[in-house]
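Numbering (full-length UniProt numbering), first residue to last: 1 to 282.
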């Protein structure tokens with residue numbers, strides 16, 4: 001484990017270290033992306049620590065500062081960190097104008113970069129932790145060995161979910177049931193992983209997506225009668241935690257786990273209805 005408590009990310013840190021050391025040449029911009037809880041902010045904190053140890057000035061900026069061309073004065077080539085940058089269309093146009101040669105920009109966002117940004121930004125896409133890395137993390141967090149299987153199942157490689165599950169497991173008694181642990185983690189993480197949900201129909205569509213083995217417009221039409229299937233499908237497809245596959249839409253494993261567990265606790269009858277409807281649909 002690193003000094004900052006981050007497991008893994010060896011390849012990503014090697015790429016960023018080369019930029020911090022000035023071996024990449026010129027001004028460089030990285031785009032760190034991945035769904036909520038995957039470790040973007042933790043990676044930026046680790047970069048800030050290593051940049052500081054190299055004597056490079058580290059500046060945290062909002063994207064509005066860059067659009068106004070607000071840059072640190074008199075510091076030389078800085079490492080500029082921009083977190084939670086999810087809604088900026090002109091990012092590649094803004095970054096090169098806002099710092100002297102040698103400046104390193106690192107932008108973090110839940111959303112993947114737009115296709116037109118290819119070549120303008122170096123994309124660092126964060127994947128879930130491997131099974132071995134997840135075990136290393138919960139071991140360091142002090143999870144009792146008899147809780148490992150449940151914590152790993154709940155966390156699904158998402159560092160934030162693993163940390164919350166570890167905290168619940170470590171604080172609980174020996175009588176804490178696995179279902180209780182899943183519920184506590186789901187309630188704690190639901191909005192942090194999902195974000196805003198526009199309506200009840202959108203929430204139902206998300207629940208269907210978490211229960212189904214692949215979500216299509218036809219399935220939404222059959223299971224969410226109150227919403228327009230095309231609109232709901234488009235909304236799901238635009239979520240940073242949803243992947244498009246040949247059989248439809250699939251949420252990340254951590255989101256699937258959290259949404260299912262929250263629904264099982266809050267409205268088990270709805271969960272049963274979804275499953276029945278999906279059997280009939282198939």
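Built from N, CA and C at the ideal position, the CB exists for glycine as well.
Test item: CB-CB of residue i and residue j under 8 angstroms
i, j, result
"residue 235", "residue 183", "no"
"residue 15", "residue 54", "no"
"residue 152", "residue 138", "yes"
"residue 166", "residue 143", "yes"
"residue 298", "residue 95", "The structure shown does not extend to residue 298, since the chain spans only 1 to 282, so no value can be given for it."
"residue 154", "residue 176", "no"
"residue 106", "residue 44", "yes"
"residue 33", "residue 115", "no"
"residue 229", "residue 217", "yes"
"residue 136", "residue 186", "no"
"residue 232", "residue 205", "yes"
"residue 214", "residue 237", "no"
"residue 102", "residue 22", "yes"
Span separating the alpha-carbon of residue i from that of residue j
i, j, result
"residue 178", "residue 17", "41 angstroms"
"residue 58", "residue 47", "9 angstroms"
"residue 163", "residue 270", "29 angstroms"
"residue 274", "residue 281", "10 angstroms"
"residue 250", "residue 243", "5 angstroms"
"residue 84", "residue 62", "9 angstroms"
"residue 1", "residue 130", "Caution applies to residue 1, whose pLDDT of 43 falls short of 50 and renders its modelled position unreliable; the value that the coordinates give is listed next. If I take the Cα positions, the gap works out to 14 angstroms."
"residue 258", "residue 158", "11 angstroms"
"residue 4", "residue 121", "For residue 4, the predicted model reports a pLDDT of 42, less than 50, meaning its position is unreliable and no value from the coordinates is stated."
"residue 133", "residue 225", "42 angstroms"
"residue 37", "residue 26", "31 angstroms"
"residue 168", "residue 141", "11 angstroms"
"residue 277", "residue 239", "24 angstroms"
"residue 104", "residue 28", "5 angstroms"
"residue 241", "residue 90", "23 angstroms"
"residue 223", "residue 49", "49 angstroms"
"residue 31", "residue 92", "10 angstroms"
"residue 272", "residue 248", "21 angstroms"
"residue 156", "residue 196", "22 angstroms"
"residue 118", "residue 35", "20 angstroms"
"residue 207", "residue 260", "7 angstroms"
"residue 145", "residue 8", "21 angstroms"
"residue 86", "residue 109", "5 angstroms"
"residue 82", "residue 51", "15 angstroms"
"residue 227", "residue 202", "8 angstroms"
"residue 191", "residue 267", "17 angstroms"
"residue 147", "residue 200", "35 angstroms"
Cβ distance (whole Å) where residue i is taken to contact residue j below 8 angstroms
i, j, result
"residue 56", "residue 79", "5 angstroms"
"residue 210", "residue 128", "Rounded, the Cβ-Cβ distance is 16 angstroms, inconsistent with contact."
"residue 12", "residue 124", "5 angstroms"
"residue 193", "residue 279", "Between residue 279 and residue 193 the Cβ distance is about 28 angstroms, and since that is not below 8 angstroms, they are no contact."
heavy atom of the ligand MN below 7 angstroms from residue i C-beta
i, result
"residue 140", "Only the bare structure without any ligand can be found here, which leaves the ligand MN out of the picture."
Strand pairing of residue i, partner residues [DSSP]
i, result
"residue 118", "121"
"residue 106", "30, 81"
"residue 242", "251"
"residue 276", "Paired residue(s): none; residue 276 is not in a bridge."
Whole beta strand (DSSP E) elements within the stretch 7-45, 3-residue minimum:
28-33
Could you tell me which whole alpha helix (DSSP H) segments of length 4 or greater appear in the stretch 155-207?
159-171, 178-194
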